[in-house]
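There are 2 protein chains.
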Amino acid sequence: MSKSGSKTKPFKELISLESAQERLFDHIKPISATEDISLNEALNRILAQDITAGINVPPFARAAMDGYAVVAEDTYNASDLKPKLLKCIGAIYAGDEPALAMTQGQCVSIATGAMLPDGANSVAMVEYTEEFGDEIKIHKSVHPGENVSKRGNDIQEGTKPLFDGYELTASRIGAVAALGIQRVEVYLKPKVAIAGTGNEICPLGQELKPGQVYDINTYTLASVVKSSGGEPFLLGLVNDTREALAEAFKKAIEFADIVVFSGGSSVGERDLLIDIFSAHGKVLFHGVQLKPGKPVLAAVVKDRICFGFPGFPTSCLTSALIFLGPTVRKLAHGQAYWPKTVKAKLGRRVPSTLGRTQVLTVKIAEGVAQPAFKESGAITSMAEADGYIVIPSNVDLVEKDESVEVFLL
Amino acid sequence: MSKSGSKTKPFKELISLESAQERLFDHIKPISATEDISLNEALNRILAQDITAGINVPPFARAAMDGYAVVAEDTYNASDLKPKLLKCIGAIYAGDEPALAMTQGQCVSIATGAMLPDGANSVAMVEYTEEFGDEIKIHKSVHPGENVSKRGNDIQEGTKPLFDGYELTASRIGAVAALGIQRVEVYLKPKVAIAGTGNEICPLGQELKPGQVYDINTYTLASVVKSSGGEPFLLGLVNDTREALAEAFKKAIEFADIVVFSGGSSVGERDLLIDIFSAHGKVLFHGVQLKPGKPVLAAVVKDRICFGFPGFPTSCLTSALIFLGPTVRKLAHGQAYWPKTVKAKLGRRVPSTLGRTQVLTVKIAEGVAQPAFKESGAITSMAEADGYIVIPSNVDLVEKDESVEVFLL
């Protein structure tokens with residue numbers, strides 16, 4: 059109700075969280091820049107190339123079990139009562155190049171992973187054999203191909219086991235290694251420039267002056283960026299002046315994919331940020347029907363996503379979880395970084411306000427999620443929480459014992 | 059059935075997965091060694107100290123909203139029709155040390171985060187005020203303490219907001235920062251020495267000789283170690299001789315908390331490893347009722363956990379997921395590294411063998427988990443999978459459409 063000339067303007071326009079996310083996500087273009095890295099460093103990175111098999115895996119037919127390489131036909135009708143007798147003409151270990159070939163009536167002792175000798179078409183498992191000098195009794199029949207991995211059975215030469223956009227999990231790193239490939243082309247991690255604003259903010263390690271509090275937000279923001287698969291760049295603390303903010307913004311936009319100012323989105327400072335963002339690009343929204351986190355500002359400047367987040371620590375961290383994390387993950391092409399969720403029963407009745415999305419921190423014990431909220435400035439209300447639930451804007455009450463999805467912190 | 063003098067002995071004793079895990083976990087002692095690190099590097103690390111608050115957070119009573127610092131009593135019964143009139147005697151911004159004090163009948167323009175002036179006990183939100191020069195109309199009453207964060211409200215000086223054993227999530231890093239603390243004592247990450255064995259294994263980057271395959275396992279094992287919160291140390295490929303294995307073991311046991319040999323647990327090589335492990339410590343089990351992953355060997359040597367894993371890539375990776383990952387996580391005191399799970403419907407009927415636990419890789423599409431298994435040597439059967447399900451040893455059949463818990467890869 060303050061008149062429009064007041065220096066502390068209220069928000070003119072609050073949009074729904076859904077609209078805010080839609081406007082934001084419409085402007086996110088996944089990273090196209092790539093880098094060439096060692097397979098040793100590639101866990102959870104996103105392939106920026108198809109992987110084409112230059113060899114067959116395995117490169118030869120090999121034994122899948124320890125036992126005896128045989129001609130399957132020689133073992134037909136073998137049983138404990140009527141075992142088949144074969145002459146063992148040698149042994150092949152894994153890594154040996156078999157110098158010997160065998161024919162019907164013969165067998166070769168073979169280790170798992172060893173190349174099948176010429177003439178053999180299957181492997182009788184050692185468990186079903188008996189050894190008498192160079193005579194081997196086979197107690198169970200095998201069919202042609204049994205206990206043998208065929209050449210190219212895992213990956214055929216010329217095929218593509220992995221494609222551009224695949225995330226390199228442990229098993230996919232294994233598939234790349236199987237082909238002998240040591241380096242892979244992956245998408246760069248999104249670079250996120252983080253600046254703290256607010257003249258009341260004191261860097262860690264310095265003594266607080268009266269009226270000051272320590273910098274919390276650049277630390278929590280950097281943590282959310284890392285957890286979401288991005289790379290944080292800390293620009294430090296910036297004075298709440300148009301010149302200082304513009305200078306920091308100019309520096310950030312030169313290298314970063316995402317620029318975040320914390321503490322600069324509440325009224326006066328927010329207006330400075332809006333001016334700076336809109337001078338260079340397009341403001342997407344300022345003010346969201348979200349609690350905590352209402353005074354979020356988002357803009358697009360030269361394909362870079364720019365945020366102004368509230369300065370109060372939990373509001374800032376909530377904004378980061380709701381807007382920054384998803385933005386980083388979408389830019390990164392990544393799946394590994396989506397937050398874990400668990401189901402729990404809500405520990406008490408929680409009223410909410412229709413038309414506003416509420417983010418509520420909870421502590422989980424024995425399947426029950428107890429609200430952990432203290433006040434919007436209290437970092438401990440989140441530090442003591444295990445996760446958070448999101449109460450949609452069309453819900454005005456969540457009953458005790460209702461099943462809720464908890465996003466783990 | 060081969061006689062006991064055979065060079066390729068079958069397993070003498072297969073124990074259940076549950077017994078194997080119990081024997082193993084009984085011997086795991088969480089890491090006690092610690093290191094002092096910067097808060098910037100502390101995400102997901104585990105505190106090895108209690109954090110004691112040396113200051114109050116906030117260090118002073120501050121405005122939680124933009125508006126006017128008031129004496130609450132002055133606003134009682136204020137309404138749109140009958141606003142209360144107060145004289146504004148100045149403004150305080152965040153970071154200012156207030157030089158002014160106020161009394162009843164007065165107010166001070168105040169920004170979120172700014173120190174409350176002497177004499178004020180609450181903040182009237184700017185949305186419910188109107189400004190006429192230095193006269194302010196208050197349209198809504200506030201109660202004492204409203205829109206004010208009290209000194210120490212978030213963290214009280216002398217209390218402990220975080221304890222030894224807590225994992226440093228984004229919000230907990232925020233709580234440490236709130237206290238101005240720049241460095242924290244955390245538990246060391248478990249060091250895992252990884253050696254590949256098998257004369258058929260060729261290092262990446264070299265040309266395959268006949269009978270050889272590329273090294274997959276040291277890459278997948280290192281990935282599982284990283285995903286589980288440990289630090290992998292690659293000892294490279296070791297020849298399948300008693301001397302070479304003993305030498306690698308001696309080197310590993312000197313620095314590592316966990317020692318893993320891959321490919322050395324199948325029969326002949328396994329026997330060498332058993333000899334080495336039992337010469338220095340105690341074998342916990344060799345051979346588990348698990349598919350794939352039967353030939354797993356585990357031992358404890360001087361409080362170090364030692365593994366011999368099967369050489370076939372999926373058997374090795376499954377053993378790593380079932381035994382190595384949990385061991386690393388327990389040693390690490392960590393929570394962040396437990397795998398994500400999702401519920402899905404099984405896409406087809408899957409028979410299993412009573413008395414044996416089955417690990418089955420699956421691909422998830424639209425809530426349906428389709429088995430992705432190819433053969434035990436096929437790394438692509440895991441690389442194409444999104445996760446795996448564990449079919450317990452007392453289940454012989456999982457029906458199509460049954461709900462299963464999928465551990466994401």
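Sequences listed follow chains A and B, in order.
Here this note's numbering is used: the first residue of the first sequence is 59, the next is one more, and so on.
Here this note's numbering is used: the first residue of the second sequence is 59, the next is one more, and so on.
For each residue, glycine too, the CB sits at the ideal point set by N, CA and C.
Residues of chain A with a Cβ closer than 9 Å to the Cβ of B/K284 are, in chain order, L101, N102 and A228. Secondary structure at B/Y277: helix, using DSSP grouped into helix, strand and coil.
Separation of the CB atoms of B/L293 and B/A306 is rounded to 6 Å, and the pair is thereby assigned contact status at 8 Å. Sequence-ordered contacts of the region 266 to 283 of chain B with chain A read L266, K267, P268, G269, Q270, V271, Y272, D273, I274, N275, T276, Y277, T278, L279, A280, S281 and V282 [C-beta pairs closer than 9 Å].
Where A/Q79 is concerned, there is no enclosing beta strand (DSSP E), although the alpha helix (DSSP H) around it starts and stops at L75 to F83.
Under the Cβ criterion of 7 Å, A/K398 is counted among the residues facing chain B.
If you check the CB distance, A/L342 and A/L72 do not come in under 7 Å. By the Cβ neighbour-count rule, B/E193 is exposed, with fewer than 16 other Cβ atoms within 10 Å of its own. Boundaries of the beta strand (DSSP E) around B/F365: R362 to F367. Note on B/Y186: 16 or more other CB atoms within 10 angstroms of its CB, so buried under the neighbour-count rule. The way I'd put it, the region 124 to 142 of chain B doesn't touch the region 94 to 105 of chain B; fewer than three beta-carbon pairs between them come closer than 8 Å. Residue pairing from DSSP places B/S207 in a beta bridge opposite B/R120. Judged by their CB atoms, A/V181 and A/A91 are not nearer to each other than the 7 Å cut-off. Assignment of A/M183 by DSSP, reduced to helix, strand and coil, places it in the strand class. Taking a Cβ-Cβ threshold of 8 Å, the residues of chain A close to B/E155 are K267, P268 and G269, in chain order.
For B/D176, the nearest beta carbon of chain A is not closer than 7 Å to its own beta carbon.
Judged by their CB atoms, B/A443 and B/A430 are nearer to each other than the 7 Å cut-off.
Listed by position along chain A, the residues whose Cβ is nearer than 8 Å to that of B/F370 are A122, T170 and G171. DSSP, read as helix, strand or coil, puts A/R414 in coil.
Check the Cα spacing between B/I259 and each of A/P371, A/C165, A/Y277 and A/A152: the tightest is with A/A152. In this structure, B/Y245 lies away from B/I109, with their beta-carbon atoms at least 7 Å apart. Among the CB atoms of chain A, none fall inside 7 Å of the CB of B/E204.
Taking 8 Å as the upper bound on Cβ-Cβ separation, chain B lies near residues G238, I239 and Q240 of the region 238 to 252 of chain A.
The CB of A/M440 comes closer than 9 Å to the CB of T227, A228, S229, R230, G232 and A233 in chain B, given here in chain order.
Cβ-Cβ distances below 8 Å link B/C146 to Y126, Q164, C165, V166, S167, E189, D192, E193 and I194 in the same chain, with the five nearest sequence neighbours on each side left out; the list follows chain order. With its beta carbon less than 7 Å from one in chain B, A/N257 belongs to the interface. If the five residues before and after A/A314 are omitted, its C-beta is found closer than 8 Å to the C-beta atoms of K249, V250, A251, F291 and R362, all from its own chain and listed in chain order. For the region 203 to 223 of chain A, the residues whose beta carbon sits under 9 Å from a beta carbon of chain B are, in order, S207, N211, D212, I213, P219 and L220. Counting along the chain, the unbroken alpha helix (DSSP H) around A/V234 starts and ends at A228 to A236.
Secondary structure note for B/S461: its beta strand (DSSP E) is the uninterrupted segment S461 to L466. Take B/A302, set aside five residues on each side of it, and the residues of its chain with a beta-carbon closer than 6 Å to its own are V296, in chain order. Sequence-distant partners of B/F365 (beyond 5 residues in either direction) whose C-beta falls short of 6 Å from its own C-beta, in its chain, are V318 and A356.
A residue is called buried once 16 or more other Cβ atoms fall within 10 Å of its Cβ, and A/L139, having fewer, is exposed.
The DSSP assignment places complete beta strand (DSSP E) segments of no fewer than 3 residues inside the region 135 to 201 of chain B at 142 to 150, 164 to 168, 180 to 183, 187 to 190 and 193 to 196, in order along the chain. Around the CB of A/F221, fewer than 16 other CB atoms lie within 10 Å, so the residue is classed as exposed. The beta-carbon distance between B/A235 and A/Y446, rounded to whole angstroms, is 20 Å. This is too long to meet the 8 Å contact definition.
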